[in-house]
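Take the sequence shown: its letters are residues 3 to 753, numbered as in this note's numbering. First up is the structure itself, then whatever we jot down about it.
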Amino acid sequence: MCNRASISHLTMSAAALTLVVGLLLYAEPAGAEACSVQLHPSSVVLRYGGSASANCTVSEGHLGIGWEASEGSVALVTGVQLITWRVENLTDWHIEPKCYENFMNGTEFEQCEEALQVTLYKTPDSVSISSVDHTGPMVEGRQYQLQCEVQNIAPVQNLTVKWYRGETEITEAEGNPTPKVTWYKDQSEVKSSTPLTRKDSGQYFLTARNSLGSSNCTLSLTVGYAPEFSCNYSYEVTEKQSYTLNCTAEGYPAPEVTWWKQGEKVELPAHLDRKHAGLYTLIANNTYGTANHTLVIKVLFPPAEIEQLEDREVDAGSSVQLRCSSWGNPQPNYSWQFQKAPNVEEVAIDGVSLLNISHASVKNQGVYNCSVQNRIGQISRSIRLTVREKDTSPHTPLTVGECPVQLHPSSVVVRYGDSASANCTVSKDHLGIGWEASEGSVDMMKDVQFVTWRVENLTDWHIEPKCYGNFMNGTEQCLEALQVTLYKTPDSVSISSVDHTGPMVEGRQYQLQCEVQNIAPVQNLTVKWYRGESLENETTFNSNTKTPMTVSSTLTITPSEADDGAQYSCVAELELGPEGPQPPPEVTSEPLKITVHYGPSIEIIPSPHPVIRGYSVELICNASGHPPPEVKWQRDGQAVRGNGGKLVISNAKEEHAGEYTCTARNSAGSDSVVVQVELKEDYLPIIAGLVALVVVVISIVFIFIYSIYYKNTKMGHYSLKSCKQSGQNGNVAQNGRDSSLPMKKLTQPNV
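Here is the structure:
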């Protein structure tokens, strides 16, 4: 683990100093072999952010091998003897890759594993030297302390701080006899070879001692480590009051903590209200890592103003319902105070308290008080119920089962807060008709054939208007209830992945969650899942709750290569029947674009691949994958240098023939193909030579024949006639001189 600042102190007399900081890195040997799993190498040392790889080999007869690691894991693979763990940008200080093998031991299934030791190091951001508690010139003979501060280095247990005076190192304990160096912390001796943890931060005292004396220095060490959360998973906060969330992220350097809600970065105010309730994700970052924590904040508030409870006036013998409705967190409790009577029943449903009075009489007349309370607060409201005496005028009685009350329409679908109305008509003589409802009630009216129930701003989720008619001297009453469906479209529809961030890996299962905030009624809700424009799934809900609810639907996907870049969305649709709005109201989420990492796939390379002796050839290995795979070539198990997927063989010879393997790897897997390179002889020069030789031979023969022909046709014997001899005995003068060469007469035969 990396520390924020390692500080070395040197006690000395005044002198000029320079220093060098060295970081000694080594890899300890892996543990003893426990099974056929072997790692090559058994340990790796690399710089923070660098690439790392290791091969894992097993013997034949296994049931599968794989790598388990926080980065670069390799899923279980069968039918191979070697798999490679590879990370291009290693940043996990605590990574511990393990290669595992599944095998059968007789009839028992067993698994063994070998851990790869990874040493991740980081050189310091800065190294600085200063004097402690002193400025200006030093005085000869007095003691002073110099401090060396090393910023952000890892691993600190491999750090050596060396002090120099000019070119001479002075911090090594030197002496004759050789001194013994002892480390102390809190007056207890410690071993210098012990790896440091965060608990080891503090002041260290070093003593170098031999038979002639001793020397000492002080070293201040601070051990850095990645963030860790110390938090609960749920917190309760009272609305509009000060609060403290005992949730901290520890780490060194001190981590930066950000809060996220529904995919957006947020900051919590000093006082919370109910809209701040919900699920939060906390992310802590420092130099050495990242930590996540999920928590729920519950905002508590007292009961709200009581709704739907008003003064009522009813006829004797009729039934009446008093409704007391409020809401708070925690869920409030209801209590009534009234003159007790056997025909009064108290009922609780969906967070509402109902007081049902059947066959009301003057005994039920009076004041009714509803009190609502939770542990945060309470509220109450009182109303008066008036019971009118019966009308004794004669009327025709109703027949059994007959109720001449009719509603037009018989049901209504209303958006929350909109207006609603319905007519009630009667077809027989009556003593009075009216509407009984928590909102828009109509007192009993006589000498009319219809009455209208109307509400301009309907907000009662549990409203159940009833039109009643009194018949037959008031001894009979019949009712017709108007079915009211009050609906509300969702505040928001959002989509997210469950317990996962970042790219997805081909072939693995993931869950997507669609959250629908505050929708009603939920039993009419259908959540539709889409991949692009294609419908993937539908979810319905079985609930009788009328008030708004927050619900979620989950879609399980197994992404493939074709899903890379695909966009998923969900639609919340309220199907409210033929009386409802057409088309049905719907709200669509923002699309969620997924990134899929899939293993490499190599295009087919012709094999065997011929190459002509002395010529050059290119072997092209094209591989697709996400992330883009790294392509390497091997020949007979040995790496061959190539330019990515292109391998060039120049001036082909016997040693170039053989089996070449192209391997493509990325974080999602690997693929390989084998190409057999065969050396072929170039017969073209031989053929060309033979052709040239034949041409030469033919040319020679032609020339020879032509020369014979020419000699026989163009050459012969000639004689010179009527040539006068000169005065020099017939000798011919040549070049101004006499020639003594005798000339003979030549005769030419007839041809």
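Note that the Cβ used here is the ideal one computed from N, Cα and C, for glycine as well.
Sub-8 Å separation of residue i and residue j beta-carbons
i: tryptophan 338; j: glycine 353; result: no
i: asparagine 520; j: proline 561; result: no
i: glutamine 323; j: leucine 356; result: yes
i: glutamate 620; j: lysine 648; result: yes
i: valine 613; j: alanine 654; result: yes
i: serine 60; j: valine 79; result: One point to set straight first is that residue 60 is valine, not serine, in the sequence displayed. No.
i: tyrosine 470; j: isoleucine 497; result: no
i: valine 650; j: isoleucine 607; result: no
i: glutamate 73; j: leucine 92; result: yes
i: arginine 1; j: leucine 311; result: Outside the shown range of the chain (3 to 753) lies residue 1, about which nothing can therefore be said.
i: serine 327; j: asparagine 345; result: no
i: glycine 81; j: tyrosine 102; result: no
i: serine 609; j: serine 652; result: no
i: serine 603; j: serine 571; result: no
i: leucine 409; j: glutamate 458; result: no
i: tyrosine 336; j: alanine 350; result: yes
Between the CA atoms of residue j and residue i - distance to the nearest angstrom
i: glycine 63; j: glutamate 266; result: 51 Å
i: lysine 182; j: lysine 193; result: 13 Å
i: valine 46; j: glutamate 116; result: 14 Å
i: serine 672; j: histidine 96; result: 25 Å
i: tyrosine 418; j: glutamate 605; result: 60 Å
i: glutamine 485; j: asparagine 358; result: 19 Å
i: leucine 84; j: glycine 108; result: 24 Å
i: alanine 54; j: serine 44; result: 12 Å
i: glutamate 252; j: proline 157; result: 19 Å
i: serine 545; j: glutamate 112; result: 48 Å
i: valine 407; j: cysteine 480; result: 8 Å
i: tyrosine 206; j: tryptophan 185; result: 7 Å
i: lysine 300; j: histidine 464; result: 26 Å
i: arginine 533; j: serine 244; result: 45 Å
i: proline 136; j: proline 630; result: Per the sequence shown, residue 136 should be read as histidine rather than proline. Their Cα atoms are separated by approximately 57 Å.
i: glutamine 569; j: lysine 263; result: 22 Å
i: leucine 25; j: glycine 616; result: With a pLDDT of 39 at leucine 25, under the threshold of 50, the modelled position of that residue is not reliable, and the figure given next carries that caveat. So the alpha carbons of these two residues sit roughly 50 Å apart.
i: tyrosine 254; j: threonine 292; result: 12 Å
i: asparagine 294; j: serine 132; result: 39 Å
i: histidine 628; j: glycine 509; result: 13 Å
i: glutamate 191; j: leucine 208; result: 10 Å
i: serine 213; j: lysine 164; result: 24 Å
i: threonine 260; j: cysteine 249; result: 12 Å
i: alanine 574; j: serine 128; result: 56 Å
Residue i (DSSP reduced to helix, strand or coil)
i: tyrosine 712; result: helix
i: arginine 643; result: coil
i: aspartate 352; result: coil
i: phenylalanine 706; result: helix
i: aspartate 313; result: coil
i: histidine 64; result: coil
i: leucine 460; result: coil
i: leucine 122; result: strand
i: asparagine 366; result: helix
i: isoleucine 378; result: coil
i: leucine 19; result: With a pLDDT of 34 at leucine 19, under the threshold of 50, the predicted position of this residue should be treated as unreliable, though the coordinate-derived value follows. Here leucine 19 sits in coil by DSSP.
i: proline 687; result: helix
i: proline 399; result: Note that proline 399 scores 49 on pLDDT, short of 50, meaning its location in the model is unreliable; the coordinates nonetheless yield the value given after this. DSSP places proline 399 in coil when its eight states are reduced to three.
i: valine 164; result: First, the residue type needs correcting, since residue 164 is lysine and not valine in the sequence shown. Looking at lysine 164 - three-state DSSP - the assignment turns out to be strand.
i: glutamine 525; result: helix
i: alanine 564; result: helix
i: lysine 242; result: coil
i: alanine 654; result: coil
i: lysine 201; result: helix
i: alanine 694; result: helix
Integer Cβ distance of residue i from residue j, believed to fall under 8 Å
i: leucine 302; j: glutamate 241; result: 6 Å
i: proline 126; j: glutamine 153; result: 5 Å
i: valine 524; j: cysteine 516; result: That belief does not hold up - the Cβ atoms of valine 524 and cysteine 516 are roughly 14 Å apart, past 8 Å.
i: lysine 490; j: proline 550; result: 6 Å
Residue i: CB within 7 Å of a non-hydrogen atom of the ligand FAD
i: cysteine 480; result: Absence of the ligand FAD is noted for the structure shown, with no ligands found whatsoever.
Subject >> Sufficient close CB pairs (3 or more, under 8 Å) joining the region 554-569 to the region 590-603 >> reply: yes
Original post:
Does the region 227-242 touch the region 282-290, meaning 3 or more C-beta pairs lie closer than 8 Å?
Top reply: yes
Subject >> Sufficient close CB pairs (3 or more, under 8 Å) joining the region 662-671 to the region 632-646 >> reply: yes
Original post:
Is there contact here, the region 576-589 with the region 498-509, by at least three beta-carbon pairs under 8 Å?
Top reply: no
**OP:** Could you tell me whether the region 207-226 touches the region 258-277, using the rule of 3 or more Cβ pairs below 8 Å?
**Re:** no
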